[in-house]
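Presented below is the structure to which this report refers.
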Amino acid sequence: MSSEAATADSVQEPSYIDVKSGFWSWFVTIDHKRIGVMYLIAILTAFLLGGFFALMIRAELLLPGSQLVTAATFNKLFTVHGAIMVFLVIIPGIPAALGNFVVPILLGAPDVAFPRLNLASYYLYLSGALLLILSLFLGGVDTGWTFYTPYSTTTDTAVVPAVAGAFLLGFSSIFTGLNMIVTIHKFKPKGMGWFKMPLSLWGIYATSVIQVLATPVLGLTLLLLFVERIVGIGIFDPALGGDPVLFQHFFWFYSHPAVYIMILPAMAVMSELITVFAKKHIFGYSFIAYSSIGLALLSFLVWGHHMFVSGQSTLANMVFSALTFSVAIPSAIKVFNWIATLYKADIHLDSPMIWALMFILLFAIGGLTGIFLGTLNVDVHLHDTYFVVSHFHYVMMGSALIAFFGALHYWWPKMTGKMYAEKPAIIMSLMVFFSFNLTFMPQFVMGSRGMPRRYFDYDPRFELMHQLSSLGAFILGVTLFCIILNLLISLKTGKKAPANPWGGTTLEWQTSSPPPLYNFPVGQPIPLPELYEYDGLSKDAEDGGWQYKKDAGNEA
Amino acid sequence: MSHHTINGHDAHVAHHFDGPQHQFDSGKLGMWTFLAQEILFFSALFVAYIVFRYNHPEVFAYAHKYLDVKYGAINTAVLIFSSLSAAWAVRAAQKNQQKLLIACLLTTILCAFAFLGIKYVEYKHKFHIGTVYGCNFAPSETPNGTKIDWPEAPKGQCRALKASEAKIVVEPPKAADGTPLEPGSPEALKAIAEADKNSTSRYSQLPPPNTSMFFSIYFAMTGLHGIHVLAGIAVFIWLLVRAIKGHFSEAYFGPIDFAALYWHIVDLIWIYLFPLLYLIH
Amino acid sequence: MFRNLITVLVFTAATLVATSVTTAQPATGTEEAPPTAVAPTAAAQPVADSAAAPTAAAEPTAAPTAAAEPTAAPTAAAEPTAAKPAGEADKAEAPKDAKAAEGEAVEEAYPFTDVTPDSYWMPAKAADGTANNVDWMFYAILGLSVFCFFAITVAVLYLTWRYRHREGHRAEPSTAHDNVLEVVWTIIPSIICVFIFIGGWKGYLNMSTAPGDALEIQTLGQKWNWTFTYSKGLETIQRPELHVPVNRPVKLNMRSEDVLHSFYLPSFRIKQDVIPNRYSYLWFEAETPGVYRVYCAEYCGDAHSDMKTKVVVHERGGYEKWLNEEYEKDQVDCREFEGQEREDCYISQGQKIYESKGCKQCHSLDGSAGTGPTFQGMWGQSRSFTNGTSGSVDENYVRESVLDPMAKVRAGFSPVMPTFKGKLKDKDIDALNNWMKAL
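Chains as they are written, first to last, in this note's numbering: chain D, 121 to 676; chain L, 85 to 365; chain F, 396 to 834.
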């Protein structure tokens, strides 16, 4: 609009962090970047809390019998560990924290489509989180994060605040997804068609579709559970003819797609990282993009594979098993494309790339062990054992969280304007790989040998496996804490980050680190470089980062 | 290549949109996405309905007779009319007809209140005769009005589970004006014969097991729908205030358009609920 | 233990290899050198062993069987009641240790025979039928997975090393898409998946269709024990352990009294959720006599991990013999005896009921509070209840608590006890009362 007027003072716009200061300027901000940062703070806090509970669980399981806590406390520990990690950490991890920050910038837009709704989502998230924490002070919840009826309707623990919290968290997730869908649809700059979008946008888009379409079913299910606890509506009450297994159908109709809410953005940012650090165009762009959408749609059709032994009909089991295998294919396609991208590349082993390579390997394990569980007769044996526990930790933690940390290391300079210490970051990421495998590999063996999950006490023959697992968990806990510490230290002592520290071609690297309030200097043209073409880039900018060679030009 | 611009002119266009059309399009897509979410939100209850009706067809065939089709039909008409007035409000805003806009919004709000009022009468009656969800289900009469003696349960126990001890009350014959007839008189015998004929009706007998499930579904579905009507009322009152202040014009009518869309969905859900609960056989 | 040792090495090595190679740096090798690494770990092993010993001793056969070499397993698995050549010696010393260590003597009539897993990945096998199907599919997928994982790992590591950034190195021009390649790596996994699906599906069909002539046993799950009802003519007996004949299909008709449970038989590779107000079914045919584990696999509350029992597979003819004996035992009515004999009868019957009817899961005899109050030193004491009243523990209180547990709940405990109306006869309650008195 008034570009002439703006250019005069656009040379050095203050960054979004400096533009205003004080508690209030953050508390009521509608700037997507600040909201993203606030999510990040909340999520990392929740992560440390959830991790602490995980370590308590592993400490208790060092030996058979009661060590630290009672069985009742143990049950509350794994419940709250699961609920925090799923609802407070992994689901909002990439979409709400990092996605909020980067999606508008990736589009060259000044903000998300509905900034106030965005802030409302954040406060819904915060209230949900506080209700979950409140349930701890009211004695805790012992239902498992799955809230299965009729246990959840009959236990005398604090189910009501926990369910209310999860309900609010669900709506926070829905509104974030809604915002992202509209933002991606309506804010693409001229020259960026759907198939010129960075892959992380595809991932976030597919995730948002699931968030909007699956989460309401969880919302209603939790609402019914809530009403059951308060007034006894009876829908899940077997004594009145209600159906407790219906709860499982509803729950997994959401919670299986929820797995893809967690993993799709992870895959998307990993695609981004791999091409940037391999300095080579991503292999099979359209296949990766379509496989994201394919996974999002297929994820709605496979919830029954969580219920092969729940009393579901044989026919339903067959159909769900068959559909489950169809989900394996798009995931495999992505892995092959990532590997193909490495071919003839120029691989820079910076810390985000280490996370990305770890992700490929851990995701491969998570995916391959999923085949065991999709196979009907094998699943009957493995269902509800540690094999399942280990499998979903490989997917949710080994893949989704590892990707979150990779993405965090990738975008940290952009978010904070600071470079973290690279050596410790690399060493600790390798420690994570080692200790993660030490924690969860033994759980596969325990599981297939018949160690059921959610057991407070166990057979002495599983002792060694449990001890290996606990040892790994302790190392993992300390390492992850140090990783967060390393990032925080960079805020104080880190070098100033260049605009484009990794040599990325997407839009967020074409603006300063950290970006100005409206992401790009107002009134100036936004450069739109050729996506994933690294030929013109070299690491010789004045600020120490990458820039386009003068003669090559940076315009498409 | 595009220039990075920040909107600073139009009072009704937020800073990050290119212009009013961009804002309207974004809002509309946002609203449709939200409605998709709404449909999924209700869908779980429809699935619950299907599952229970499939498992207990006899319960639905019996218990729907407790509902009064008359009230349901009036409410359907009221809601359809309010949808019309909501759509008309959009049209009025687009054509800058301020008074008509206010009238349409007001009509919509009044219809919504009328709907809730009728719903309140229905709910009150159900609580009165004990046809409610869960453990409180203890009907004092059958759908045909035959009295039932449903036993009380000790405190803390489930009254609905006392179904096996419930009995049909056989009342002494009465004249049309309610005065008891002399036992053995021809009138009395005639009344008894009449009552006998009635009592062979399915709906004069005790409810089948698990009838409370029908009311669980009924209250869950209509209750959730009612909450949506309440939310709609709040939104339309907000729009009414803004309309009186003269915010809307042919250049800016997005909020009315979006609220009307929402209202149509609320209406549409009721159009499914009415036959599924009131009109089944 | 030896297998566990191998496990440690395998895992340490595997994770170390994987870790060191991810960086595309040559593996350091120090952690890997197998001959030197074995020694220290092996030396550390006895410590872990002795630490595990007291716990293992609680399960009389755990230690000895584990020590025995794998080939001994079939012998131990022979008819548990009749032939116990290997078990005899163990039982002589093991219960003594258990008494000393735990204070609670566990008299194991049917010691487990599946303590040592048959294989590294899978528990001992009690039947070839379904278990072989599962194991075959498991190992097939395992092989495939290991192959794929190593292929992926090698590819990632090799490419990362080969194309790592060096001074002057640039990405070489190469195509960014290849539809033929994409189609190939879409089709091949799809075909493999179809085969795996069919394999799993066929195996599942076998395990989900019970033969018509199966022996039916009613199975009830409740917090936190299992009750099996065996039919003998028109009479039934209830036991907390599952006893089945060998080489005969058995069908469990299962139901839950409260929340969801899941009946899990690792040695048969089967499990099925147990649901309130609905029957679910499980069938199997045991082929190897022995005693195997039963777990609850669906989370069900505080004592979820204690909700376990055993399945005893009897030799040919042994099941009928067992059923007759148990039926006779149930017919014992202590009131037929006089004096000391009657006292002894009450005490042995009471103890038996305590152990077999599920009292044991919640009420201890050693003074520690479980889900319910301990029975130790309870008799004749005055107790306060959650409804504000109080009273002394006597015959009437015990009877009322058994038949209507919610009437008077001890203060400080949750009202979670199920009723035993219909499960305990008058003579049983008599026996319980007299037994408790003597505690």
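We put the CB at the ideal spot given by N, CA and C, even for glycine.
query: Taking the alpha helix (DSSP H) that V641(F) falls in, what are its first and last residues?; result: No alpha helix (DSSP H) holds V641(F); DSSP gives it neither H nor E.
query: Closer than 8 Å by C-beta to T431(F): which residues in its own chain qualify, once you throw out the five before and the five after it? Chain order, please.; result: The pLDDT assigned to T431(F) is 34, lower than 50, so where the model puts this residue is not dependable; a value taken from the coordinates is nonetheless given after this. Once the five neighbours on either side are set aside, T431(F) has no close Cβ partner at all.
query: Ignoring anything shorter than 4 residues or poking outside the region 596-663 of chain D, list the alpha helix (DSSP H) runs there in chain order.; result: none
query: What residue range is occupied by the uninterrupted alpha helix (DSSP H) comprising V222(D)?; result: N220 to L226
query: In chain L, what lies closer than 8 Å to G219(D) by C-beta?; result: Ordered by position in chain L, no residue passes the 8 Å Cβ test against G219(D), which lies about 16 Å from the chain.
query: For D151(D), collect the residues of the same chain with a Cβ closer than 8 Å to its Cβ; drop the 5 residues on either side in sequence, then sort them by chain order.; result: Y136, D231, P235 and L637
query: Could you tell me the distance, in whole angstroms, from the CA atom of H501(D) to the CA atom of N528(F)?; result: 11 Å
query: With H88(L) and G643(D) assumed to form a contact (beta carbons below 8 Å), what rounded beta-carbon distance in angstroms separates them?; result: 7 Å
query: In the DSSP assignment, what residue or residues form a beta bridge with C691(F)?; result: F658(F)
query: Cβ of E680(F) less than 8 Å from any chain D Cβ?; result: no
query: Output the distance between the C-alpha atoms of I350(D) and V280(D), rounded to the nearest integer angstrom.; result: 8 Å
query: With DSSP run on the structure shown, which of helix, strand or coil describes E266(L)?; result: coil
query: Provide the residue span of the beta strand (DSSP E) that contains F679(F), from first to last.; result: S675 to E680
query: Please report the distance separating the alpha-carbon of G597(D) from that of L175(D).; result: 7 Å
query: Relative to the alpha-carbon of S751(F), which residue among Y674(F), P800(F) and T704(F) has its alpha-carbon at the smallest distance?; result: T704(F)
query: Below 8 Å on the Cβ atoms is my guess for P472(D) versus L393(D); work out the distance and round it to an integer in Å.; result: 5 Å
query: With a cut-off of 8 Å on the beta carbons, I'd call T306(L) and L357(L) a contact; round off their distance for me.; result: 7 Å
query: Against chain D, which members of the region 118-136 of chain L pass a CB distance test of less than 9 Å?; result: F118, A120, Q121, E122, I123, L124, F125, F126, S127, A128, L129, V131, A132, V135 and F136
query: Hey, out of K669(D), D663(D) and S658(D), whose CA is closest to E562(F)'s CA?; result: S658(D)
query: Looking only at its chain, what residues have a beta carbon closer than 7 Å to the beta carbon of E142(L), apart from the 5 residues adjacent to it on each side?; result: P292
query: Is it true that the CB of A179(D) sits closer than 8 Å to the CB of L208(D)?; result: no
query: Listed in chain order, which residues of the region 413-443 of chain D have Cβ atoms closer than 8 Å to some Cβ of chain L?; result: none
query: Pairs of beta-carbons, one from the region 319-331 of chain D and one from the region 376-390 of chain D, closer than 8 Å: are there three or more?; result: yes
query: Output the boundary residues of the beta strand (DSSP E) element that contains Q617(F).; result: L610 to Q617
query: Using a beta-carbon distance below 8 Å, is A672(D) in contact with chain F?; result: Because A672(D) sits at a pLDDT of 48, beneath the cut-off of 50, its placement in the model cannot be relied upon, and the point is left open.
query: Once the 5 residues before and after E738(F) are set aside, which same chain residues still bring their CB inside 8 Å of it?; result: N829 and A833
query: I'd like to know if the region 672-687 of chain F and the region 520-534 of chain F are in contact, where contact means that at least 3 CB-CB pairs between them fall below 8 Å.; result: yes
query: Hey, S110(L) and W347(L) are a contact pair by Cβ (cut 8 Å); roughly how many whole angstroms apart?; result: The pair is not a contact, with the Cβ atoms about 20 Å apart (cut-off 8 Å).
query: Report the residue from H96(L), K210(L) and S300(L) whose alpha carbon sits nearest the alpha carbon of G229(L).; result: K210(L)
query: For the region 303-319 of chain D and the region 360-371 of chain D, state whether three or more C-beta atom pairs, one from each stretch, are separated by less than 8 Å.; result: no
query: Give the single residue among T335(D), L289(D) and T193(D) whose Cα lies nearest to the Cα of F118(L).; result: T335(D)
query: Report the rounded CA-to-CA distance for A493(F) versus A504(F), giving the unit in angstroms.; result: Residue confidence is low: A493(F) scores 38 on pLDDT, short of 50, so the model does not pin down where it sits. No coordinate-derived value is stated.
query: Please classify H148(L): does DSSP put it in a helix, a strand, or coil?; result: helix
query: Give me the Cα-Cα distance between V332(D) and S675(F), rounded to the nearest whole angstrom.; result: 35 Å
query: For a contact defined as C-beta to C-beta under 8 Å, what are the partners of K666(F) on chain D?; result: V429, V500, H501, H503 and D504
query: S663(D) versus chain F: which residues are under 9 Å apart at the beta carbon?; result: Residue identity check: residue 663(D) is Asp in the sequence provided, not Ser. Simply none; closest approach about 20 Å.
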